[in-house]
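Numbering (our numbering), first residue to last: 32 to 560. Built from N, CA and C at the ideal position, the CB exists for glycine as well.
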Ligand code: TRP
Ligand code: SF4
C-alpha cells in the first residue's frame with residue numbers, strides 16, 4: 032500500500048475505540064486503556080494522524096495507527112526534515128523479561144536514530160527498585176536482557192547512548208536541579224503520592240524527569256519520548272519543568288500591559304484593523320482600539336472568542352488610553368542572573384526598551400527572539416531546554432485476551448522465549464474467529480478484535496503493508512480460517528524469535544565493550560511500595 036491510499040484496512044484501531052467511561056493515566060497502575068479517543072479529549076493528547084503526512088517515510092507502526100497520539104511532535108519532524116539536531120529517548124523498567132510489547136518502543140527508538148536523531152535507551156533501575164521492589168540482582172539480570180534486545184534489533188551503539196539511571200552521575204546532578212523546581216503537592220496531584228510513598232520512589236520521578244531532558248544537556252534540541260499513554264503524566268510534568276528552568280520567557284505584547292494567551296489574538300486583530308479606526312494609522316491608540324473592539328464582528332475575522340475574553344481585552348485597552356498600540360516581543364527575566372539579563376539587552380537588535388523585569392524589542396520576530404533567549408541562557412549557565420515531545424503507542428492485547436502482562440506468561444511472548452514456546456503460544460491464542468468454520472466463511476472473522484491479527488500488524492508482517500492488508504482482507508472476507516492463520520503466524524513468530532536470539536548472542540560482545548555497569552554491587556533492601 033502506498034501512503035496515499037486509505038490506511039483504513041490495516042488499521043488496528045477499529046474494534047477497540049469503545050468502552051469504559053473513565054480513563055486514568057497511572058504510570059504505576061495496571062489500567063488498560065479502554066478508549067483511546069478519550070485521551071484526546073481529556074488529556075489533550077493530539078491525534079497522530081494529524082501529523083502523519085509530515086513524517087518523512089513513516090514507520091509502519093505509524094502507518095497502521097499503532098502509534099496513535101503525540102504531544103508537540105512537530106518540532107521533531109521539522110528538525111528531521113531540515114537535517115537539524117533532534118533526539119529520541121525512552122526507558123525500560125527491568126522488572127521482567129523484555130517482551131514483544133517492548134519491541135514497539137525499541138523499534139521506535141531505532142527508527143528515529145535511523146532518521147538522524149541522537150538516540151538514548153535507558154534502564155530505569157532506580158524506578159524498578161523503589162517503585163516495584165525489584166532486587167538489585169534481578170535488576171542486573173534483566174537490564175542486560177533489555178539492552179541486548181535493543182542492540183539486536185538495530186540500535187547503533189556507536190552513535191547512540193545506553194545507560195542505567197543509577198550509574199549515570201550527570202543524570203543524577205540534573206535530577207537534583209530539577210527537583211529544586213518540584214514540590215510534594217505536585218507529586219500528590221500528579222501521581223497520587225501520599226504520606227506512605229517512599230522517598231526513593233519520589234527520587235525516581237525526578238530521575239525520570241532528568242532522563243527526559245538528558246539528551247539536551249549539552250545542546251538544546253527537539254526531543255521525542257516514545258512511550259505508552261500511561262507515561263503521559265511524566266511527559267507533561269517534564270514539559271512543565273523544562274519551562275520552569277528557563278531564564279527568560281518570550282511573549283508577544285502590544286502595549287505596556289500584559290495579555291494572556293486567549294486575549295492576545297483578539298488584540299492582534301484590533302491592531303490589524305487599525306486603518307478602520309485610527310486617526311493616525313501609523314500610531315493607533317489603545318483607547319481607539321478599545322472602542323473598535325467593543326463592537327467589532329470578530330466571528331467575521333475568523334476569531335472565535337468568549338465574551339469575557341473580549342471584555343477583559345477591551346478593559347485593558349481602555350485603561351491604556353492614549354498609549355500607542357504597537358506590536359513588540361517581550362522578554363521576561365524569570366530567573367536569569369543579572370549578568371544574563373544584561374547580556375540579553377546587549378544582544379537585542381533594533382529598537383528596544385528596558386524595564387525592571389523585562390525588555391521590549393520592536394524589531395524582532397518571535398522565532399529569532401526565542402532563539403536569542405535560548406542562546407544567551409545557554410551561554411550564562413542555563414540549560415535552554417526545549418519542551419520535550421512525545422508519541423504514544425497502543426498497548427498490545429494479551430494472547431489470552433485482556434491485557435498483555437509480564438506476570439502472565441501465556442499472555443505475552445518474551446523476546447527470550449524458546450522459539451518453540453513462542454510457536455505454541457501463538458497456536459493457543461484467542462482469536463477474533465467465529466464459532467464454526469461455516470459461520471466464519473459467511474460472516475468473516477473479526478480481525479479488529481483478534482490478538483493474532485495484532486501480531487501480524489504490530490510485528491510479523493514487518494514493513495510489508497501488502498501482507499498486513501492481505502491478512503486483514505482475507506480474514507474479514509471469510510477466506511481465511513483461524514487454524515491456518517494461526518499456523519502461519521506461529522511459524523513467523525518462531526522464525527522471528529530464532530533470528531532475534533541469534534542476533535542477541537552476537538550483541539553480547541558489543542554490550543560488554545560498552546561502559547555500562549551491569550553488575551551493580553549495590554546492596555539494599557528493595558523498597559516497599
Ligand atoms: N517509567 C517508565 C516505565 O515505567 C520507564 C522510564 C524511566 C522512562 N525513565 C524514562 C520512559 C524516560 C521514558 C522516558 O516504563
Ligand atoms: Fe484472527 Fe486470523 Fe482468525 Fe482472522 S483468521 S480472526 S486474523 S486468527
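- How about residue 284: is its C-beta nearer than 8 Å to some C-beta of chain D? In the structure shown, chain D cannot be found, because there is only a single protein chain.
- Can you tell which of 66, 332, 534, 251 has its C-alpha closest to the C-alpha of residue 117? One-based indexing of the chain shown puts residue 117 at position 86. Its Cα nearest to that of residue 117, the residue 251 stands out among 66, 332, 534, 251.
- Item | Any 3 or more C-beta pairs closer than 8 Å across the segment 458-471 and the segment 498-505 | Verdict: no, contact absent.
- Query: Under 7 Å from any heavy atom of the ligand TRP, does the C-beta of residue 239 make it?
  - Reply: Numbered from its first residue, the chain shown carries residue 239 at position 208. Remark: the shortest separation between the CB of residue 239 and any heavy atom of the ligand TRP falls under 7 Å.
- Query: residue 358: buried (16+ other C-beta within 10 angstroms of its C-beta) or exposed?
  - Reply: Here residue 358 refers to the residue found at position 327 when the chain shown is read from its first residue. Counting of Cβ neighbours within 10 angstroms places residue 358 among the exposed residues, the total staying below 16.
- Assess, as a yes-or-no matter, whether the segment 478-494 is touched by the segment 461-470 under the definition of 3 or more beta carbon pairs within less than 8 Å. Contact holds: three or more Cβ-Cβ distances are below 8 Å.
- Query: According to the Cβ coordinates, are residue 566 and residue 76 closer than 8 Å?
  - Reply: The question about residue 566 has no answer here: the residues shown for the chain are numbered 32 through 560.
- Task: Out of 484, 164, 286, 455, state which residue places its alpha-carbon closest to the alpha-carbon of residue 352.
- Result: Position 321 of the chain shown holds residue 352. Answer by Cα proximity: 286.
- Query: Around the ligand SF4, which residues pass a check of Cβ closer than 5 Å to any of its heavy atoms?
  - Reply: The set, ordered by position in the chain, is 462, 463, 464, 476, 478, 481, 483, 484, 506, 511, 513, 516.
- Please classify residue 514: does DSSP put it in a helix, a strand, or coil? For the purposes of this step, residue 514 is taken as residue 483 along the chain shown, with counting starting at 1. The three-state secondary structure of residue 514, taken from DSSP, is helix.
- Message: Under 8 Å: do the segment 412-432 and the segment 242-260 share three or more Cβ pairs, one atom per stretch?
- Response: They touch, by the three-pair rule.
- Query: Among 483, 543, 507, which one has its Cα closest to the Cα of residue 15?
  - Reply: The structure shown has nothing for residue 15, since the chain only spans 32 to 560.
- Near residue 113, which residues of its chain fall below 6 Å by C-beta distance, leaving aside the five closest residues on each side in sequence? Start at 1 with the first residue of the chain shown, and residue 113 comes out as number 82. Nothing listed; no residue qualifies.
- Quick one: Cα of residue 323 to Cα of residue 313, how far? The sequence position of residue 323 within the chain shown is 292, counting from 1. The sequence position of residue 313 within the chain shown is 282, counting from 1. Between residue 323 and residue 313, the C-alpha separation is close to 16 Å.
- Item | Three-pair Cβ contact test at 8 Å for the segment 263-279 versus the segment 207-223 | Contact between the segment 263-279 and the segment 207-223 is present: three or more C-beta pairs spanning the two stretches fall below 8 Å.
- beta-carbon residue 147 near the ligand TRP non-hydrogen atom, thresh 7 Å: Your numbering for residue 147 matches position 116 in the chain shown. The answer is no for residue 147.
- Message: I'd like to confirm something about residue 155: is its beta-carbon nearer than 7 Å to some heavy atom of the ligand TRP, or not?
- Response: Within the chain shown, the letter at position 124 stands for residue 155. Within 7 Å of the C-beta of residue 155 there is at least one heavy atom belonging to the ligand TRP.
- Task: Kindly examine the ligand TRP and report whether one of its heavy atoms sits closer than 7 Å to the Cβ of residue 169.
- Result: Here residue 169 corresponds to residue number 138 of the chain shown, with the count starting at 1. Checking the 7 Å criterion, the Cβ of residue 169 is out of range of every heavy atom belonging to the ligand TRP.
- Starting from residue 421 and walking both ways along the alpha helix (DSSP H), at which residues does that stretch end? Translated into the one-based positions of the chain shown, residue 421 becomes position 390. Not the alpha helix (DSSP H): residue 421 falls in the beta strand (DSSP E), residues 420-424.
- Delimiting residues of the alpha helix (DSSP H) encompassing residue 265: In the chain shown, residue 265 corresponds to position 234, counting from 1. Start and end: 263-275.
- Query: Per DSSP, which one or two residues make a beta bridge with residue 206?
  - Reply: For the purposes of this step, residue 206 is taken as residue 175 along the chain shown, with counting starting at 1. The partner list for residue 206 (beta bridge, DSSP) is empty, contrary to what the question assumes.
- Less than 8 Å between the CB atoms is what I'm expecting for residue 224 and residue 408, so what's the real figure, rounded? By one-based count along the chain shown, residue 224 stands at place 193. By one-based count along the chain shown, residue 408 stands at place 377. Wrong, their Cβ atoms sit about 31 Å apart, outside the cutoff.
- Would you mind giving the Cβ-Cβ distance between residue 237 and residue 213, rounded to the nearest angstrom? I have them listed as a contact below 8 Å. What you label residue 237 is simply residue 206 of the chain shown in a count that begins at 1. What you label residue 213 is simply residue 182 of the chain shown in a count that begins at 1. Right, the Cβ-Cβ distance comes to about 6 Å (below 8 Å), so this counts as a contact.
- Can you tell me which of 398, 472, 178 puts its alpha carbon nearest to the alpha carbon of residue 508? For the purposes of this step, residue 508 is identified with residue 477 of the chain shown, where counting begins at 1. Ranking the options by Cα distance to residue 508, first place goes to 472.
- Query: What's the call for residue 346, buried or exposed, on a 16-neighbour Cβ count within 10 Å?
  - Reply: Along the chain shown, read from residue 1 onward, the residue named residue 346 stands at position 315. Using a 10 angstroms sphere on the CB of residue 346, the tally of other CB atoms stays under 16, which defines it as exposed.
- Query: Relative to the ligand TRP, is the shortest distance from any of its heavy atoms to the C-beta of residue 186 smaller than 7 Å?
  - Reply: To locate residue 186, count along the chain shown from 1; it is residue 155. No, the beta carbon of residue 186 sits no closer than 7 Å to any heavy atom of the ligand TRP.
- Would you report the Cα separation of residue 102 and residue 469, rounded to the nearest angstrom? One-based indexing of the chain shown puts residue 102 at position 71. One-based indexing of the chain shown puts residue 469 at position 438. Near 46 Å, if we compare the C-alpha coordinates of residue 469 and residue 102.
- Task: Please work out which residues of its chain come closer than 6 Å, Cβ to Cβ, to residue 136, disregarding the five sequence neighbours upstream and downstream, and give them in chain order.
- Result: Walking along the chain shown from the start, residue 136 turns up at place 105. So the qualifying residues of the chain are 121, 257.
- Message: By the three-class DSSP mapping on this structure, what secondary structure does residue 534 have?
- Response: As a first step, residue 534 is located in the chain shown; it is residue number 503 there, counting from the start. Three-state result, residue 534: helix.
- Grab me the residues of residue 186's own chain with a C-beta within less than 8 Å of its C-beta, minus the 5 sequence neighbours each way, in chain order. On the chain shown, residue 186 is found 155 positions in, with the first residue counted as 1. The residues 137, 140, 141, 144, 150, 152, 193, in chain order, have a CB closer than 8 Å to that of residue 186 in the same chain once the five nearest residues on each side in sequence are set aside.
- Message: Does residue 425 pass the burial test, meaning 16 or more other C-beta atoms within 10 Å, or should it be called exposed?
- Response: Taking the chain shown and counting its residues from 1, the one referred to as residue 425 is at position 394. That one is buried.
- Item | Exposure of residue 190, with buried meaning 16 or more beta-carbon neighbours within 10 Å | Here residue 190 refers to the residue found at position 159 when the chain shown is read from its first residue. Exposed: under 16 other Cβ atoms inside 10 Å.
- Query: Can you list, in chain order, the residues of its chain whose CB lies under 8 Å from that of residue 493, leaving out five sequence neighbours each side?
  - Reply: The residue given as residue 493 occupies position 462 in the chain shown. Sequence-distant partners of residue 493 (beyond 5 residues in either direction) whose C-beta falls short of 8 Å from its own C-beta, in its chain, are 91.
- Using a threshold of 7 Å, is the CB atom of residue 231 nearer than that to any non-hydrogen atom of the ligand TRP? Residue 231 sits at position 200 when you count from the first residue of the chain shown. Residue 231 Cβ: outside cutoff for every heavy atom of the ligand TRP.
- Can you grab the Cα-Cα spacing for the pair residue 197 / residue 372, in whole Å? As a working mapping, residue 197 is identified with position 166 in the chain shown. As a working mapping, residue 372 is identified with position 341 in the chain shown. Residue 197 and residue 372: Cα-Cα distance of roughly 36 Å.
- Can you say whether residue 125 is buried or exposed, counting buried as having 16 or more other CB atoms within 10 angstroms of its CB? Within the chain shown, residue 125 is the residue found at index 94, counting from 1. Residue environment analysis places residue 125 among the buried positions, since at least 16 neighbouring C-beta atoms fall within 10 angstroms of its C-beta.
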